[in-house]
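Below is one structure, written out as structure tokens, with a few remarks after it.
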Amino acid sequence: MSRDISNSSLDSYANGFKNSNKLNNLLEAKSEQSLGAINSNSHRNQYANSQENSYFNESGLNGSGLNNTLNNTLNNVLSNAPKIDGNPDEINPIILEKLLLNIPQISKNYQLGSKLLMPPWREIARSWLMSFAKNKSQKRQLIAPIGVSNKGDMNIDLVKNGPHALVAGTTGSGKSILLTTWCLALAFRYPPSALRFVFMDFKGGATFDALAKIPHSIGNVGDLDLHHATRALRGLEKELDRRERLVAEQECHDITQVKPYQPSIVIVIDEFHALKDQLPHYMNRLIRIASVGRSLGMHIIACTQNPLGQVNADMKANISINLCLRVRDALQSHELLGSSCAAYINPQSLGGAYCNLGEGITAVRCSEIANTSTLIEGINLAGKFYHYNQAEQLFSKPLPSLVTVKQAEKYSKFDANDKTSNRIHKNNDITIGLLDDGIRLYAATLPLNIGNIAIIGTQGRGKTNILRLIDNLLKEDIADGENREENTNHPYIVDNADALVNPLNNNPDAIYFQEQLSSSNTVIFSVKTAHRLRLPDQAPVRIIFPTGDAGTDTMLGIPSEIQQSLTPQDYHTPGRAVLIYPGHAYLLQLIYFENT
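Using the numbering used here, you'd call the opening residue of the sequence shown number 15 and step up by one each time.
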């Protein structure tokens with residue numbers, strides 16, 4: 015099977031002559047002998063002359079000038095066909111570890127030729143040191159070997175050749191292997207301070223689970239949870255905005271000039287077509303990253319089985335790395351490469367591909383990894399040597415349905431007021447659960463120095479549970495000698511206060527309760543409904559269990575944005591509530607308190 019001339023040239027030519035079976039037979043020729051005959055002017059003229067009369071006799075048209083048209087069309091098509099260098103079926107694969115060790119110094123502990131090749135962590139540490147110093151002193155690079163061509167190592171630089179890449183291949187062609195190889199090759203070359211990864215897998219597999227453990231990873235979506243995916247896309251957009259602000263504030267040309275140094279972010283998406291189909295309204299976020307990512311150090315590697323019609327024209331205009339493994343039909347190959355050559359890769363050539371970087375098509379045999387787990391272990395050991403902890407995650411999974419005290423303590427505290435004048439003092443709050451800002455989860459803290467706190471919701475939602483938790487936490491603070499501000503006394507806590515908030519109730523308890531509401535002391539109370547409360551005057555801080563009724567929830571202060579994000583399950587999950595205080599509202603999952 016010849017791959018020296020693009021079959022797409024013949025496909026394009028045939029579209030203009032669909033009515034002629036004889037011409038279609040000519041243009042469907044795939045063998046080297048047939049293509050050579052067409053390429054020869056003498057054979058081309060001879061064929062045109064011999065077919066002219068029969069073609070027009072069948073169609074009833076005047077046959078004058080067909081040979082000139084055929085000559086001109088074939089000359090134009092064949093001259094514009096992309097050049098193809100090599101055949102992936104004829105390239106012997108080389109494992110990634112051997113390619114990565116193509117550096118001046120090799121550890122004596124490394125045994126070439128062994129079955130399981132594991133680059134020592136010292137080699138990775140040395141590689142990080144060299145590449146980071148080079149990136150800071152020279153133009154930034156993200157270059158790594160993904161395999162071999164007939165000319166040697168096949169290196170791709172996401173900065174120079176990119177900024178973005180599109181990978182295509184049918185099931186079993188080696189897409190997942192290629193993505194793993196590419197990511198680990200980059201992680202071998204560049205430290206977490208220079209490179210970060212975001213992984214998104216929409217086929218429900220575990221392609222990136224192992225990669226998510228390296229210190230470069232700042233997010234992994236691999237559970238087919240669309241809520242998780244939307245959080246990831248919002249997180250990426252937020253990071254893009256942050257980088258744009260840094261560049262603007264420091265009056266820089268691009269992110270490479272910003273101080274302190276900002277690492278590059280590579281967003282790896284497997285089954286890109288599934289993301290497009292399931293979250294079409296979020297595609298604008300990826301298109302925006304594709305448009306401005308080069309100057310902000312954000313790169314996309316998108317992988318799909320069917321590239322035809324899956325990539326927006328605006329996004330495609332910014333993708334200059336096209337890598338096509340074996341695909342099922344010529345149109346898919348042509349969409350990515352401008353040639354149908356990838357449709358004829360031998361199915362036995364796992365990792366066989368064609369790469370188009372804008373200067374012609376190169377045959378590639380993608381490398382496999384001898385031992386993924388040991389390579390990842392080496393990367394993690396190098397990270398520990400340089401004291402790289404796991405990078406702060408760009409986004410997190412949605413709220414869990416159950417939160418314990420120990421789980422909440424693992425998260426950093428959320429401080430939405432760090433840029434406002436009424437900053438909440440850290441000694442005047444207690445952790446009551448996990449807070450969700452739509453992108454990440456934080457330890458939810460309840461402010462005690464703003465005013466009264468109302469817990470509003472129907473029976474069985476968790477009102478009494480949270481009151482017991484608050485009471486227990488406050489008692490622990492007193493026992494531990496926690497220093498709170500002098501004007502903060504132990505709050506007055508009341509459960510089921512519906513009757514007490516009635517202004518017409520003359521019961522001594524009701525009178526005392528309403529006096530406390532008007533005093534400087536903090537009152538924490540629960541009610542089923544808020545129709546007798548003056549909100550927000552009597553309770554500037556509220557924990558509200560949503561009802562599902564838009565009018566009621568709006569009256570209680572729940573913003574429409576949060577209402578629209580709630581699922582039917584949220585209305586039936588015990589402890590799922592909304593925390594509201596002046597200027598802020600967040601979804602949260604309250605801690606389940608077990609009084610032992």
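A virtual CB, placed ideally from N, CA and C, is assigned to each residue, including glycine.
Rounded straight-line distance, which links the Cα of residue 579 to that of residue 560: As a position in the sequence shown, residue 560 is number 546, starting the count at 1. As a position in the sequence shown, residue 579 is number 565, starting the count at 1. Answer to the nearest angstrom: the Cα atoms are 12 Å apart.
Between which two residues does the alpha helix (DSSP H) carrying residue 114 extend? By 1-based counting over the sequence shown, the position of residue 114 is 100. Taken as a continuous stretch (DSSP letters only), the alpha helix (DSSP H) holding residue 114 covers 110 to 114.
Determine the extent of the alpha helix (DSSP H) in which residue 539 is found, giving its start and end residues. Taking the first residue of the sequence shown as position 1, residue 539 is located at position 525. Premise fails: residue 539 lies in the beta strand (DSSP E), 537 to 541, not in any alpha helix (DSSP H).
Tell me the start and end of each unbroken beta strand (DSSP E) in the segment 555 to 592 that is at least 3 residues and wholly inside, in chain order. 555 to 558
Let me check one thing: in DSSP terms, what residues is residue 162 bridge-paired to? Taking the first residue of the sequence shown as position 1, residue 162 is located at position 148. In DSSP, residue 162 forms a bridge with 167 and 379.
Distance check for residue 172 and residue 243, CA to CA, integer angstroms please. As a working note, residue 243 is residue 229 in the sequence shown. As a working note, residue 172 is residue 158 in the sequence shown. Roughly 24 Å between the two C-alpha positions.
Could you pull out every residue in the same chain whose Cβ sits closer than 7 Å to the Cβ of residue 108, ignoring the five residues on either side in sequence? As a working note, residue 108 is residue 94 in the sequence shown. Here the set comprises 162 and 381.
Could you compute how far the alpha carbon of residue 572 sits from the alpha carbon of residue 316? Numbered from its first residue, the sequence shown carries residue 572 at position 558. Numbered from its first residue, the sequence shown carries residue 316 at position 302. Roughly 38 Å between the two C-alpha positions.
Decide yes or no for the touch test of the segment 362 to 377 against the segment 95 to 104: beta carbon pairs closer than 8 Å, at least 3 of them. yes
Sequence-distant residues of the same chain with beta carbon closer than 6 Å to residue 139, five excluded per side: Along the sequence shown, one-based indexing puts residue 139 at 125. Here the set comprises 396 and 399.
Nearest-angstrom Cα separation, counted from residue 466 out to residue 591: Here the question's residue 591 lines up with position 577 in the sequence shown. Here the question's residue 466 lines up with position 452 in the sequence shown. Between residue 591 and residue 466, the C-alpha separation is close to 17 Å.
Since residue 459 sits in a beta bridge, which residues does DSSP pair it with? Taking the sequence shown and counting its residues from 1, one reaches residue 459 at position 445. DSSP lists 445 as partners of residue 459.
Under 6 Å Cβ to Cβ from residue 428, same chain only, skipping five residues before and after it: list those, please. Along the sequence shown, one-based indexing puts residue 428 at 414. Same-chain partners within the cutoff: 449 and 456.
According to DSSP, residue 339 sits in a beta bridge with which residue or residues? What you label residue 339 is simply residue 325 of the sequence shown in a count that begins at 1. Answer by DSSP bridge pairing, in chain order: 367.
Under a Cβ-count criterion, where at least 16 other Cβ atoms within 10 Å of its own Cβ denotes burial, should residue 137 be classed as buried or exposed? As a working note, residue 137 is residue 123 in the sequence shown. Per the 10 Å Cβ criterion, buried.
Where are the alpha helix (DSSP H) runs, 4 residues long or more, that stay fully inside the segment 232 to 312, in chain order? 240 to 263, 286 to 292 and 297 to 310
What span of residues does the beta strand (DSSP E) with residue 468 cover, start to end? On the sequence shown, position 454 is the one that residue 468 refers to. First-last of the beta strand (DSSP E) with residue 468: 467 to 470.
How far does the alpha helix (DSSP H) with residue 399 in it reach, from first residue to last? Position 385 of the sequence shown, counted from the start, is the residue given in the question as residue 399. First-last of the alpha helix (DSSP H) with residue 399: 386 to 399.
Starting from residue 105, trace the beta strand (DSSP E) both ways and give me its first and last residue. On the sequence shown, position 91 is the one that residue 105 refers to. Segment: none, residue 105 is in no beta strand (DSSP E) and carries neither H nor E.
With contact counted as at least three CB pairs below 8 Å, one residue from each stretch, are the segment 141 to 149 and the segment 300 to 309 in contact? no
Sufficient close CB pairs (3 or more, under 8 Å) joining the segment 290 to 300 to the segment 265 to 276: no
Reduced DSSP secondary structure (H/G/I, E/B, other) of residue 421: In the sequence shown, counting from the first residue as 1, residue 421 sits at position 407. Looking at residue 421 - three-state DSSP - the assignment turns out to be helix.
At least three beta-carbon pairs within less than 8 Å, the segment 504 to 521 to the segment 586 to 605: no
Can you check whether the CB of residue 209 is closer than 8 Å to the CB of residue 277? Residue mapping note: residue 277 aligns to position 263 of the sequence shown, counting from 1. Residue mapping note: residue 209 aligns to position 195 of the sequence shown, counting from 1. Yes, the pair counts as a contact, with Cβ atoms nearer than the cut-off.
Closer than 7 Å by C-beta to residue 71: which residues in its own chain qualify, once you throw out the five before and the five after it? Chain order, please. Position 57 of the sequence shown, counted from the first residue, corresponds to residue 71. Low confidence applies here, because residue 71 scores a pLDDT of 45, under 50, leaving its location unreliable and the question unanswered by this model.
Counting C-beta neighbours from all protein chains within 10 Å, is the total for residue 120 16 or more, i.e. buried, or is it exposed? Taking the first residue of the sequence shown as 1, we reach residue 120 at position 106. Annotation note: pLDDT 44 at residue 120 (below 50); position unreliable, coordinate value reported separately. Exposed: under 16 other Cβ atoms inside 10 Å.
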